[in-house]
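Protein sequences appear in the order of chains A and B. Take the first sequence: its position 310, counted from the start at 1, is 310 in the numbering used here, and no numbers get skipped. Every position in the second sequence, counted from 1, becomes a number in the numbering used here once 1000 is added. Here is the structure we will look at.
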Amino acid sequence: MSHADRNITGTPEALAVPARRARLQESWILLRRNRLALAGMVIFLLFFAVAVAGMFLTTGTSPALDPNLVRLQEKLRPPLSRANLNSLRPEEVPKSGVYLLGTDELGRDVFARMLQGAWVSLTVGFVAVGIAVVIGVVLGGLAGYFGRGPITVAGVLAVLLLGGAAVAAGTLPGSLRVLGVVVAVALAGVLVLLRRRRPGGLPSFLGLQILTVDMLITGLIDIMLCFPSFFLILTVVALLPASIYNIMVVIGITSWMGAARFVRAEFLSLREQDFVTAATALGVSDLRIIFRHMVPNAMAPVLVSATIGIAGAILAEAGLSFLGFGVPPPHATWGNILSDGKNYLFDAPWLTYIPGCAILVVVLSFNLFGEGLRDILNPKLRERH
Amino acid sequence: MTTLANNIILRGQGLRRYFPVRRGFLQRVMGWIKAVDGVDLKIPAARTLGLVGESGCGKSTLARLILKLDEPNEGTILYRDRDITHLSREEMKPYRRKMQIIFQDPYGSLNPRMTAGHTIEEGLRTIGLKDRDQRRRRVAELLEKVGMPAWAADRYPHEFSGGQRQRVGIARALSVEPELIICDEPVSALDVSIQAQILNLLRGLQRDLGLSYLFISHDLNVVEYMSEVVYDKHLNPYSDALFASMPVPDPAVKRIWQPLAGDVPSPFNPPPGCKFQNRCPLVEDRCRAAEIPLYQANGDHLVRCWKVLGR
């Protein structure tokens, strides 16, 4: 039997499978070509290591580097100056004997304070962006996947009732509170369940469609984008008790719009793809389609915007601390070191330059890494190589 | 022909799917795109029904309607005489595994982040095959059935060629043991030599598993190869023109070339009467006046043309 004959009888064309190159390895090769992105990643990893190490070195009962130890006799010493052993009690002498980055106006070790601040920046960056990405993926995914779903008068009433229940739980006294909550929740439940089971049993205006899910969510995104976000954060933080967790949450819930838009756009194009149609035709559940088929394919742009978002969050936190709305004083952050240092700009310039340069370098490295990541994860670029 | 009528796996009656065209600030409906406009069809069990048409004429929309991925505005779909037109998701479940689809584009039809094995396993999961080892074994069997080695299960789609991807797509469709497969232009994106392999594979599977096919294509040669029943006498001028446009792979054959003039009518507000009126060489006034009734020419062969009615 000749070769041509074999081919016509339905045996597959020669299985020419390319040498298997893992995705990760391919990404690494592409990353190496992009010098700026590589530099960004190296600085990013360095910053990560420094922040984690700093957290261990500056906390505990007798930390190796104490960021809060006041030595008034050693104030405003320039970087790399030696500790004056004559004027200090033995427990006040820094372990290394040198003020690596000098001291501030209270004689506190700036190196220790920078380390403590690095941990704050890192956690604020990651937690805030984590919150933003979760909100963004959920809302963007809802808008993209269930976007055509109608929101009826009944749905709005149910949500208002549940909101009312929450308010009642917070404000009404004693037994009235329980009654209010139970009545509101029960009414909301009746609205939702009855409409699903017996649509004829309720007045018809309840079924009137006023919005679609997509309209509601894209409207919300546009409204949130209208606010200058830094001032929104500033207003909210001014109203809340000063704490690092409040800042993380507030930055998170004011910066999810980018991720939501990306996810919505990706979902809209993915839901028309044949592999999603095939999964629906197989009878795969919505949840599985969303999490197995759509989210993994929609994550690339989200990852990029998250990386750049971390830089934004670090900058926002530094800005808040600089304005005095950030983490409360004894705790060091890059923003409040900078803020305290500006009064001594001419006597002790290192107090502004060191945190300022640290913020610049870290934010820049995240941005460069994020942009490099975008190029690497772009499949069109990938195929060219 | 009469024996076929008793053994119909799927029947569509008067299927219509209109898409609204919305314009302006209030998104008011300005008109309708009539993607599928009154289609009747019968798919015989264990045989192939060919569906031919120009691009954009609603072939794929019809496929989506039949699979219940989209709801028709009008008409009914009967699966083995059971009306499935308005079944809910839950009620549709047992029918999902009876009907599957193979797509045109071998690149878009597989999830780039899932291995071939995982893609095929999705179907096994939905039919309740819980045991992991059993699933893996079944995946290997299915891959073998479509002419792929078992180790292909661990490969990602970008590691396959177009024909190989198409085979994986076929294996996915087979995973739920369907009775009917809708082949939506399964070979038009492939090289001719690979087209032949895939067509032979599909024919072999039909023979071995008793599958029914709705075979959608714009390539008449392919349809002719796949379908047992090809009406040799083309009754209306449209199919005449279509068959006349088929290239003959013989340079010695001289043909009288009569290209069609005119455009395909816009699906947005199409003119009344015959859909072919703009291009028909035999067009008359009455073709533009009103809908033409469907006329039984001989046996199962139905035609919508005044010329055939002979009046």
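Even glycine gets a Cβ: it sits at the ideal position worked out from N, Cα and C. Note that the coordinates shown come from a computational prediction; the quantities given were computed from them, not determined experimentally.
Residues that residue i bridges to, as DSSP identifies them
i	result
B:Gly-1031	B:Val-1021
B:Ser-1175	Paired residue(s): none; B:Ser-1175 is not in a bridge.
A:Gln-209	A:Thr-152
B:Glu-1074	B:Arg-1016
A:Ser-81	A:Tyr-99
A:Ile-223	Paired residues: none, contrary to the question.
B:Asp-1184	B:Ile-1216
B:Ser-1082	For the sequence presented, residue 1082 of chain B should be read as Arg rather than Ser. In the DSSP output, where bridge partners are listed per residue, B:Arg-1082 has B:Tyr-1079.
B:Pro-963	Not covered by the structure: residue 963 of chain B. The range shown for chain B is 1001 to 1311.
B:Leu-1049	B:Leu-1214
B:Asp-1250	Paired residue(s): none; B:Asp-1250 is not in a bridge.
Beta-carbon spacing of residue i, residue j below 8 Å
i	j	result
A:Ala-407	B:Arg-1096	With chain A represented from 1 up to 385, any question about residue 407 of chain A goes unanswered, as that position is not in the structure.
B:Ile-1314	B:Lys-1068	The structure shown does not extend to residue 1314 of chain B, since chain B is modelled only from 1001 to 1311, so the question has no answer here.
A:Trp-350	A:Pro-94	no
A:Ala-318	A:Ile-359	yes
A:Thr-352	A:Gly-335	no
B:Phe-1215	B:Cys-1183	yes
A:Ala-128	A:Met-248	yes
B:Val-1139	B:Glu-1122	no
A:Val-110	A:Leu-122	no
A:Gly-147	A:Asp-222	no
B:Leu-1110	B:Thr-1119	yes
A:Ile-376	A:Ser-27	yes
Residue i - DSSP class collapsed to helix/strand/coil
i	result
B:Phe-1215	strand
B:Ile-1008	strand
A:Leu-41	Sequence inspection shows Met at residue 41 of chain A; the Leu mentioned does not correspond to that position. A:Met-41 falls in the helix class under three-state DSSP.
A:Gly-283	coil
B:Lys-1098	coil
A:Asp-375	helix
A:Ile-308	helix
B:Glu-1145	It should be pointed out that residue 1145 of chain B corresponds to Lys in this sequence rather than to Glu. Helix.
B:Gly-1038	strand
B:Met-1154	The sequence shown places Asp at residue 1154 of chain B, rather than the Met named in the question. Note: B:Asp-1154 maps to helix in three-state DSSP.
B:Val-1303	strand
A:Asp-274	helix
B:Pro-1293	coil
B:Lys-1233	Confidence at B:Lys-1233 is low in this model, with a pLDDT of 49, below 50, so the placement of that residue should be treated as unreliable; the coordinate-derived value is given next. Correct three-state label for B:Lys-1233: coil.
Spatial neighbours of residue i in its chain, beta-carbon cut-off 6 Å, leaving aside the 5 residues before and after
i	result
A:Met-1	In this prediction, A:Met-1 has a pLDDT of 37, which is less than 50 and means its spatial position is unreliable; what the coordinates show is noted afterwards. Result list for A:Met-1: empty, nothing under 6 Å.
A:Ile-135	Trp-256
B:Val-1146	Arg-1167, Ile-1170, Ala-1171
B:Gln-1013	Asp-1040, Gly-1075, Thr-1076
A:Ala-166	none
Classification of residue i by the beta-carbon crowding that lies within 10 angstroms, buried from 16 upward
i	result
B:Glu-1144	exposed
B:Met-1030	exposed
B:Arg-1082	exposed
A:Pro-173	exposed
B:Lys-1233	Any reading at B:Lys-1233 must be qualified, since the residue scores a pLDDT of 49, below 50, and its modelled position is unreliable; the value itself is stated next. Exposed: under 16 other Cβ atoms inside 10 Å.
A:Arg-89	exposed
A:Phe-346	exposed
B:Pro-1106	buried
A:Gly-283	buried
A:Ile-210	exposed
A:Pro-355	buried
A:Trp-119	buried
B:Phe-1276	buried
A:Ala-188	buried
A:Glu-74	buried
A:Phe-231	exposed
A:Tyr-245	exposed
Cβ-based neighbour list, residue i, same chain, cut-off 7 Å, excluding 5 preceding and 5 following
i	result
A:Gly-32	It is Arg, not Gly, that sits at residue 32 of chain A in the sequence shown. These residues qualify, in order along the chain: Leu-38.
B:Gly-1053	Lys-1059, His-1218
A:Leu-216	Ile-151
B:Arg-1016	Val-1036, Asp-1037, Gly-1038, Pro-1072, Asn-1073, Glu-1074, Gly-1075
B:Tyr-1225	Leu-1199
B:Gly-1210	Ala-1046
A:Thr-307	Phe-366, Phe-369, Gly-370, Leu-373
A:Phe-44	Ser-365, Phe-366, Phe-369
A:Val-363	Ala-311, Ile-314, Leu-315
B:Ile-1127	Arg-1097, Val-1176
Proximal residues to residue i (C-beta, below 8 Å), its chain only, five neighbours per side dropped
i	result
B:His-1086	Glu-1071
A:Phe-205	Val-153
A:Ile-337	Asp-104, Val-110, Arg-113, Met-114, Gly-117, Leu-351, Ile-354, Pro-355
heavy atom of the ligand SAM below 7 Å from residue i C-beta
i	result
B:Arg-1288	With respect to the ligand SAM, the structure offers nothing, as it holds no ligand at all.
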